[in-house]
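To start, the structure itself, in structure tokens.
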Amino acid sequence: MDYQFKDIEQKWQLFWAENQTFKAEDNSTKPKYYVLDMFPYPSGAGLHVGHPLGYIASDIFARYKRLKGFNVLHPMGYDSFGLPAEQYAIQTGQHPALTTEANIATYRRQLDQIGFSFDWSREVRTSSPGYYKWTQWIFMQLFNSWYNKTADKAEGIDKLIAHFEQNGSAGINAVSDEEVLSFSADEWKALSHDEQQAELLKYRITYLRESTVNWCPALGTVLANDEVKDGFSERGGYPVEQKKMMQWSMRITAYAQRLLEGLDKIDWPEPLKEMQRNWIGKSVGASVRFPIDKSAHNAQLAIDYIEVFTTRVDTIFGVTLLVIAPEHELVASLTTPEQKGAIDAYIAQTKKKSELDRMADTKTVSGAFTGSYVLNPLNNEKVPIWIADYVLAGYGTGAVMAVPSGDQRDYLFAKHFDLPIVPIMDIQNIEIEADPTKDGLYINSDFINGLTYKEATAAVIAKLEELGAGKAKVNFRMRDAIFGRQRYWGEPVPVYFKDGLPYLIDESDLPLVLPEVDKYLPTESGEPPLGRATDWKYKGISEYELSTMPGWAGSSWYWYRYMDANNDKEFASEAAVKYWKDVDLYIGGSEHATGHLLYSRFWNKFLKDIGVVFEEEPFKKLINQGMIQGRSNFVYRLVKTDKFVSKNIFKNLLEYASLIKKGQVIQLFEDDINYDKLYNDNVYNEDDKTYFNYNGELLIQNLHVDVNIVTNDILDIQKFKKWRPEFTNSEFILEDGKYICGVEVEKMSKSKFNVVNPDDIIERYGADTLRMYEMFLGPLEQSKPWNTNGIEGVFKFLRKFWRLFHNDQWQFSVSGAEPSKAELKSLHKIIRKVEEDIDRFSFNTSVSSFMIAVNELTDLKSSNKAILQDMVVILSPYAPHICEELWTLLGNAAGTLSYAAYPKFNPSYLVEDEFAYPISINGKTKMNLNISLSLAPAEIEAFVLANADVQKYLDGKAPKKVIVVKGRIVNMVV
RNA sequence: GCUCAGAUGGUGGAACUGGUAGACACGCAGGACUUAAAAUCCUGUUCCCGUAAACGGAGUGCGGGUUCGAUUCCCGCUCUGAGUACCA
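Numbering follows the working numbering, with no gaps: position 505 of the first sequence is 516.
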């Protein structure tokens, strides 16, 4: 029989499901290997051809590892809480659980069709109570923990309480809110219960506090920083504003240093690590306190100093002004009556500017003088205090010491407001701009004059410490993560309130199930949708927390759940976690760099601190698959007609139009269209790709055409006419009898008609072809447009492979003869090649190598059973269905292929006794000579020089030099 | 602006530690089979010069360098994509 991919694929997909072929063992003598794909969100649109790219790669890897004798864990599940289902629910009134269920069913059907070797017995869904029970449980552990900086790990809050009871706050070195109380043990004990709870909240790793959040009114929720792009929500593109709210937060900053250090120990793409490093944003410097000059109007000010953070404390003698953010809390009290007008005007002006403008406009210098001064702690010089919006309230202390000679922004500021610029380095050149050099020796700098950068920095810090005016400090850009959404479709927070203070519900009351509501909208009083639930109170009395957890909660620990997915006693058993440890290979997109991948590492470290998991890093090796872009096709319609012109005619018309403009008239077409009239004085509008004449009339329109009715950029005219009613009577102006479409690479989206659905590909060519073609497209990590054009080649390859096992009448027929030398050579070449390729995730090159091997075996007319059986095993990770079928036809038991042994490479089959040496002159290859590989370089040289053709090239002269690299090349210099 | 990644035929791409640039595939052209088409198979296909072949020349974004030899290493530049954005 010819290659019947439909029957074969259905048969084996059913077989794998019924026999649970890919069920992973929880204890095994085999070494473990954990291959994970990033958790998909089951969107309503289903999978397009770009989504499975990473899944196919990881599936090939997982299947390959099984053949190599590993116990492979390769699970799949759904990150099924999220905004789109909820938006849909708001529009339609349908419960998000129902749409989510339907979407998951679509995903599952599509995934099954591609033939993945997932262990579906471990499927998880973040939105099912059996799963989010443990998300809530982890939240409770975070609430019950604090970060002990001395031990550099999270510890139970009871330990902190015990310390307070014995020693008070003395000796506690914790990551906490800024304003914590100092108290003795007795004072602690004297506090009321509520006061104690309020104090403890300042230490808990998940805590409640008023913070500035990214509030998106259109979505009615708070967004994480990585969900906001240029002041708009990433999903939907709605405006986002800053708002103060009581919010659950996570003290991820406690882990900043460990998150940074951990990056050096994991095998991730360098750009991804770099993104995390930038996000964490560590800078080493010093904090310095500048005493406020109280000689004038500030005498009764409660605070004595302004603290700044600087990375160049050595430049402190170059400070000629201090700049604080307009939002800084001291602005009002520092402003003198004379300056009040200027300051108020400036603040009003900055407030008007949106966050976006403020970021975009980095050129204009603006600011205002408060009228107050601080004193330089090292020489008591008066330094004026200014406010300016280039200082950000959210970073460091919201205040900077400005050194105009060394910092360009400070330099511009000083120039603009005519403030002094003091050079501090002997080699500093500050004629036209600031010079931040660290080379040279200090001048104008008191006791550090003549020192080098290193000496000066140490000396200044020592002096500041001695004076109690400053100390070395490390600052991080990363902020604590907001952990709450004012939305319905998420995990309820297992917290209730009593007297305004949060308390955890009993662990035995988990899961706290999402209550039913009448509408998925905020309440009339502006409370989150959970406020609509009737009779929803803890123990019937206490109010629950009404916000739900953010999207990243459920995905920050899910890889542990796969280890023991059906455990209802623990989030995962200790034995399972100890066996599977961590993810060996994680494949997914780089868009999760600063979200999911950072939060997951954070939770993992926390879970390790409390002793329930054992690895410091969860994802040992990570690969980013590139994005699959869309490839759009266009047709060109002459406006007000049903005529469409082919691409190159369209291009000629453009040229024609420009020639007419230049006064030249050429005859391009003999047609009834009056091109002269049409193209006289036309104007091309880049933005919407239309052509207008001087009246503004549309002349030619670029229209997206469904890529599924275009093959190799040639339009299927019959299908086009049927595609939409308005095209039924279309006429076409062809070139060479064809209608050629224009092409552009864009995002894959419905509105651009460039979405290619895997279902259609599978229908036409089968899953094995889809799998191999996705890999064949190019390197996994590179982004590329999807172009179905080359898929025939892969399909033909599989047919050719199938034919190796069959005779001319399509009857199964293999020979049991001894394999020939040539056959063994082809086989062992591919054995090694595929091993090497998979090891470096170069799947595209192994597809090419399979083609070469099958071409070779076809040329050899090989039907050798031993050779073909090994070929089946090697190919099976890539094209599992066809291989399963051939495996059984070869007489093996069904289902055993997945656990067969990968053939062993034997280099002796590749040993050659001759090599066709390229003979080059001055590095340019001229000819090839077959020379025995047993010859030594000197013998090769003699052999080559004795050759008549070589002598012809040398023109009788002796070469100046001969380079012989054995087994590689002969090069002669003349 | 800064950081990172990349640039190779008509197209996707290959060339792993410096050693025959363009593997493999698509497309295209020509041919075989067919009444015809589809399917299949065969041949050719980097560019330029040359009627063609042999042959010759150029060639991996651009300009230099190191080397017997550079797509690969070094320096400078251009362009494209991604991330980030006054971070003190």
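Built from N, CA and C at the ideal position, the CB exists for glycine as well.
Secondary structure of L211, DSSP reduced to three states: Locating residue 211 in the first sequence gives position 200, counting from the first residue. Three-state result, L211: helix.
CB of V394 within 8 Å of CB of V385, strictly: Translated into the one-based positions of the first sequence, residue 394 becomes position 383. Translated into the one-based positions of the first sequence, residue 385 becomes position 374. When the beta-carbon positions are compared, V394 and V385 come within less than 8 Å of each other.
Assigned secondary structure, F487 (DSSP; H/G/I helix, E/B strand, else coil): Looking up residue 487 in the first sequence gives position 476. Strand.
Residues near W591 in its chain [Cβ-Cβ closer than 7 Å; skip 5 each side]: Looking up residue 591 in the first sequence gives position 580. In the same chain as W591, and ignoring 5 residues on each side of it, the C-beta atoms closer than 7 Å to its own belong to K43, Y45, L84 and M574, in chain order.
Exposure label - E392; buried when at least 16 CB within 10 Å: Translated into the one-based positions of the first sequence, residue 392 becomes position 381. Exposed.
Which of helix, strand or coil DSSP assigns to V251: Taking the first sequence and counting its residues from 1, the one referred to as residue 251 is at position 240. Coil.
Nearest neighbour of Q822, chosen from I493, K255 and L900 [CA to CA]: Position 811 of the first sequence holds residue 822. When only C-alpha atoms are compared, the closest one is L900.
Local Cβ density within 10 Å of D70, reported as buried at 16 or more and exposed below that: Here residue 70 corresponds to residue number 59 of the first sequence, with the count starting at 1. So D70 counts as buried.
Residue nearest to I932 in terms of C-alpha spacing, selected from F926, A959 and I980: Here residue 932 corresponds to residue number 921 of the first sequence, with the count starting at 1. Selection F926, A959 and I980 evaluated against I932 yields I980 as nearest (Cα-Cα).
Beta-carbon gap between L921 and K840 smaller than 8 Å: Indexing the first sequence from 1 puts residue 921 at position 910. Indexing the first sequence from 1 puts residue 840 at position 829. Result yes, Cβ atoms of L921 and K840 sit closer than 8 Å.
Span of the alpha helix (DSSP H) around E803: Taking the first sequence and counting its residues from 1, the one referred to as residue 803 is at position 792. Looking at the DSSP string, the run of the alpha helix (DSSP H) that includes E803 is I802 to L815.
Residues that DSSP places opposite H715 in a beta bridge: Numbered from 1 along the first sequence, position 704 holds the residue referred to as residue 715. Paired residue(s): F645.
Exposure of A181, with buried meaning 16 or more beta-carbon neighbours within 10 Å: Taking the first sequence and counting its residues from 1, one reaches residue 181 at position 170. Exposed, by the Cβ-count rule.
Through-space distance from S567 to A828, alpha-carbon basis: As a first step, residue 828 must be located in the first sequence, where it is residue number 817. As a first step, residue 567 must be located in the first sequence, where it is residue number 556. Those two C-alpha atoms are separated by around 56 Å.
For I942, the residue or residues it bridges with in DSSP: Position 931 of the first sequence, counted from the first residue, corresponds to residue 942. Within the DSSP secondary-structure output, I942 pairs in a beta bridge with F926.
Buried versus exposed, by CB contacts within 10 Å (16 or more), Q675: Here the question's residue 675 lines up with position 664 in the first sequence. Low local confidence applies: a pLDDT of 40 at Q675 is under 50, so the model's placement there is unreliable, with the coordinate-based value given in what follows. Exposed.
Same chain, Cβ closer than 8 Å to D966, neighbours up to 5 away in sequence not counted: For the purposes of this step, residue 966 is taken as the residue at position 955 of the first sequence. Taking C-beta separations shorter than 8 Å and ignoring five residues to either side along the sequence, D966 has no partners in its chain.
Check whether I398 and G382 have beta carbons under 8 Å apart: Counted from its first residue, the first sequence places residue 398 at position 387. Counted from its first residue, the first sequence places residue 382 at position 371. Pairing I398 with G382 gives a Cβ-Cβ distance that is not under 8 Å.
Straight-line Cα distance separating G329 from E206: As a position in the first sequence, residue 206 is number 195, starting the count at 1. As a position in the first sequence, residue 329 is number 318, starting the count at 1. Straight-line Cα distance between these residues: approximately 46 Å.
Other residues of its chain near Q24: CB distance less than 7 Å, five sequence neighbours each side excluded: Here residue 24 is taken as the residue at index 13 of the first sequence, counted from 1. Sequence-distant partners of Q24 (beyond 5 residues in either direction) whose C-beta falls short of 7 Å from its own C-beta, in its chain, are D123 and G126.
Contact set for E476: own chain, Cβ-Cβ below 6 Å, skip 5 residues either direction: By one-based count along the first sequence, residue 476 stands at place 465. In its chain, beyond the 5 residues on either side, K482 have a beta carbon closer than 6 Å to the beta carbon of E476.
Start and end residues, beta strand (DSSP E) containing D595: Position 584 of the first sequence, counting from 1, holds the residue named residue 595. Note, D595: beta strand (DSSP E), V594 to G599.
Uninterrupted alpha helix (DSSP H) stretches inside the segment 272-340 (no shorter than 4 residues): At a cut-off of 4 residues, the continuous stretches assigned as alpha helix (DSSP H) that sit fully inside the segment 272-340 are 281-291.
Bounding residues of the beta strand (DSSP E) (the contiguous stretch that carries V411): As a first step, residue 411 is located in the first sequence; it is residue number 400 there, counting from the start. Residues A410 to A413.
Local conformation of W397 per DSSP, three classes: Locating residue 397 in the first sequence gives position 386, where the first residue counts as 1. In this structure, W397 counts as strand in the three-state DSSP scheme.
Bridge-paired residues (DSSP) for T232: To locate residue 232, count along the first sequence from 1; it is residue 221. Looking at the DSSP output, T232 sits in a beta bridge with C227.
Inter-residue Cα distance where the pair is L211 and E221: Counted from its first residue, the first sequence places residue 211 at position 200. Counted from its first residue, the first sequence places residue 221 at position 210. C-alpha separation (whole angstroms): 16 Å.
A778, buried or exposed, once every other Cβ within 10 Å from all chains shown has been counted against 16: Residue numbering aside, residue 778 sits at position 767 when the first sequence is read from its first letter. Under this definition A778 is a buried residue.
Residue environment, I472, which counts as buried when at least 16 other CB atoms sit within 10 Å: Mapped onto the first sequence, residue 472 falls at position 461. Buried, since its Cβ has 16 or more Cβ neighbours within 10 Å.
Own chain partners of S887 with C-beta closer than 7 Å, once the 5 adjacent residues on each side are dropped: The sequence position of residue 887 within the first sequence is 876, counting from 1. Contacts found: R74, C894 and L908.
Distance CB(I744)-CB(K654) smaller than 8 Å: As a first step, residue 744 is located in the first sequence; it is residue number 733 there, counting from the start. As a first step, residue 654 is located in the first sequence; it is residue number 643 there, counting from the start. Result yes, Cβ atoms of I744 and K654 sit closer than 8 Å.
Nearest-angstrom Cα separation, counted from E527 out to E518: Sequence index remark: in the first sequence, residue 518 carries index 507 (1-based). Sequence index remark: in the first sequence, residue 527 carries index 516 (1-based). Note on geometry: alpha-carbon atoms of E518 and E527 lie some 22 Å from one another.
Beta-carbon contacts of D699 that lie in its chain and below 6 Å, excluding the five residues immediately before and after: The residue you call residue 699 lines up with position 688 of the first sequence. Residue placement at D699 is flagged as unreliable, the pLDDT there being 48, under the threshold of 50; a coordinate-derived value is accordingly withheld.
S260, DSSP secondary structure in three states: Position 249 of the first sequence, counted from the first residue, corresponds to residue 260. In this structure, DSSP gives S260 an extended state, which the three-state scheme calls strand.
Burial state of D446 (16 or more Cβ within 10 Å): Residue mapping note: residue 446 aligns to position 435 of the first sequence, counting from 1. By the 10 Å Cβ count, D446 comes out buried.
Under 8 Å between C-beta atoms of S91 and T146: Your numbering for residue 91 matches position 80 in the first sequence. Your numbering for residue 146 matches position 135 in the first sequence. Cβ distance not < 8 Å, so S91 and T146 don't count as in contact.
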